[in-house]
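**Q** Would you mind keeping the following structure in view while I ask a few things?
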Amino acid sequence: MKYTWRIVGHEKLVQGLENNITSGNIAHAYLFAGPEKVGKFTVAKTFAHILQCENSFCHTCQTCLQIEKNAHPDTIVFRDNGESIKIDEIRALINRLNLSAPSKYKVVIAENIERMPDEAGNCLLKTLEEPPPNTIFLFTTLFLKSIMPTILSRVRVLKFHHCPEDVLVKHLTNMYPETDAATIEQISKFALGKPGVAFDLINDPQLASNYKTLYTDLQRFLDYESIFDRFLYIKEAENDPRKIADILDILTHIIRTRMVTGAPYRKPYVEILEKIDYTNYLLKHNINPKLALENLMLNI
Ligand SMILES: [Zn+2]
C-alpha cells in the first residue's frame, strides 16, 4: 500500500480506496458500515487526508496539520456526540458546501448517520443527488439496515468487519513489545474483534481490570435463573451507557464462545444473539435503557 492507514486489518478495503484515487474513480459519497471501534472513522479521516494533501499525505503541511486538529476549513467533521443530526445542521452544511473553496476538495465526514432523522436525511438527499463539484461525503454507520434506501442508492457502501483475534494478537505484539504475551492475549479476547477497544484496554490498566471483573460476573450471571437477580444486577448499570455497551459486548462474546463449544443452555444461542443486537439497536435509538435492558433480561 502507498499510504499509512493506521488500522488493523481491512487491507483489501483500503487498497480499494487507494485504487479509487489512482484510477480517478472516486465516488461522491461513501458509506463505511460496520461495528463500533473497528476503524471506520480512522479510515474516513485518513482518506480525507490523502484527498486533501498536495504532497501525498505528508503529515507535515498546513493542510495535514489542520485536518489532524479538525481545523481544516474544507474538511468538515461531524463526530457522534450522542445526539441526532438536526435539519438545521444539514442546511448550514449545504450552504457551506456551496461556497467556493481553495482546497482540492470539500470533504464531509459524518459519523453514525443513522442518527439523522428522516427530515434531515431528505434534506441531505437533494445534495447527494446533485453534489456541488469536488465534494466528497464520507459517512459511517453502525446499522446499515436503518439507513434510508434513497440514501443507500447514492453512496458506495464499504463493509467493515470485526478483526480476527489472531490478527489482533499479532498486531498488538508488534506495537507493544514490552507487554507480556498473556496480557496481550487476554486484551485481544476482551476486545471482541474491535481494535479500538484493545487500544483503550492496553493503555488503561484500570479499564482492563474492570473488564475482567465484568467478564467473570456475566459468566456467573448467565446462570442465574432468577429474574429478580438479573434485574438487580443491571440496576447499577442502567445510567451508565459505557457500562451497558460493555455488558452487551461481553455477553455477545460469552454466548458466541458457548455456542462454539456446544455448551448446553436453556435457550437457542442464535435467538439470544439476535435479542442482544436488537437491544443495541434500541439503545442507539434513544429507547429508555432500563426498559431495553429489562426486556433483554426477560428474554435470554
Ligand atoms: Zn500534507
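Going by my numbering, the sequence shown runs without a break in its numbering and finishes at 302.
Virtual Cβ for every residue (Gly too), placed ideally from N, Cα, C.
A quick note: this is a predicted structure, and the numbers were derived from the prediction, not measured.
Taking 7 Å as the cut-off, does the CB of H74 come closer than this to any heavy atom belonging to ligand 1?
**A** H74 Cβ: outside cutoff for every heavy atom of ligand 1.
**Q** Does the segment 33-52 come close enough to the segment 188-199 to have 3 or more Cβ pairs within less than 8 Å?
**A** The segment 33-52, when compared against the segment 188-199, does touch it at the 8 Å Cβ threshold.
**Q** Determine the DSSP secondary structure at V110, reduced to helix, strand or coil.
**A** V110 falls in the strand class under three-state DSSP.
**Q** According to DSSP, is T62 helix, strand or coil?
**A** Three-state result, T62: coil.
**Q** Sorry if obvious, but does the Cβ on F59 come closer than 7 Å to a heavy atom of ligand 1?
**A** F59: yes, Cβ under 7 Å from ligand 1.
**Q** Between Y235, G18 and L33, which lies nearest to N27 when the distance is taken from Cα to Cα?
**A** Among Y235, G18 and L33, the Cα nearest to that of N27 belongs to G18.
**Q** Do you know how far the Cα of D120 is from the Cα of L170?
**A** Cα to Cα, the separation comes out at about 38 Å.
**Q** Where do the N-terminal and C-terminal ends of the alpha helix (DSSP H) with F138 fall, by residue?
**A** Strictly speaking, residue 138 in this sequence is Ile, with Phe absent from that position. First-last for I138: T137 to T143, but that is the beta strand (DSSP E), not the alpha helix (DSSP H).
**Q** Per DSSP, which residues does T77 bridge with? Please list them.
**A** According to DSSP, which records beta bridges pairwise, T77 is partnered with V109.
**Q** Got a sec: is the Cβ-Cβ distance from V262 to anything in chain B below 8 Å?
**A** The structure shown contains no chain B, having only a single protein chain.
**Q** Whether or not the segment 259-274 and the segment 229-247 are in contact is what I'm after, with contact meaning three or more pairs of Cβ atoms, one per stretch, closer than 8 Å; do they touch?
**A** Short answer: they don't touch.
**Q** Would the beta-carbon of V45 fall within 8 Å of that of H173?
**A** No, the pair does not count as a contact, with Cβ atoms beyond the cut-off.
**Q** When the Cα atoms are used, what is the spatial distance from L101 to P133?
**A** Straight-line Cα distance between these residues: approximately 13 Å.
**Q** Can you tell me which of the three DSSP states R8 falls into?
**A** Three-state result, R8: coil.
**Q** CB of T65 to nearest heavy atom of ligand 1: below 7 Å?
**A** Answer for T65: yes, Cβ within range of ligand 1.
**Q** Taking only three categories from DSSP, how would you classify L160?
**A** Reduced to three states, the DSSP call for L160 is strand.
**Q** By a C-beta neighbour count over all protein chains shown, 10 Å radius and 16 as the cutoff for buried, is M118 buried or exposed?
**A** Looking at its Cβ environment, which holds 16 or more other Cβ atoms inside 10 Å, M118 is buried.
**Q** Using a Cβ distance threshold of 8 Å, determine whether the segment 141-152 contacts the segment 175-182, with at least three qualifying pairs required.
**A** No: the two stretches stay apart, fewer than three of their Cβ pairs being nearer than 8 Å.
**Q** Which residue's Cα is closest to the Cα of K128: S148, E113 and I92?
**A** Among S148, E113 and I92, the Cα nearest to that of K128 belongs to I92.
**Q** Hey, quick one: how far does the alpha helix (DSSP H) through A200 stretch, first residue to last?
**A** Its alpha helix (DSSP H) spans residues P197 to N205.
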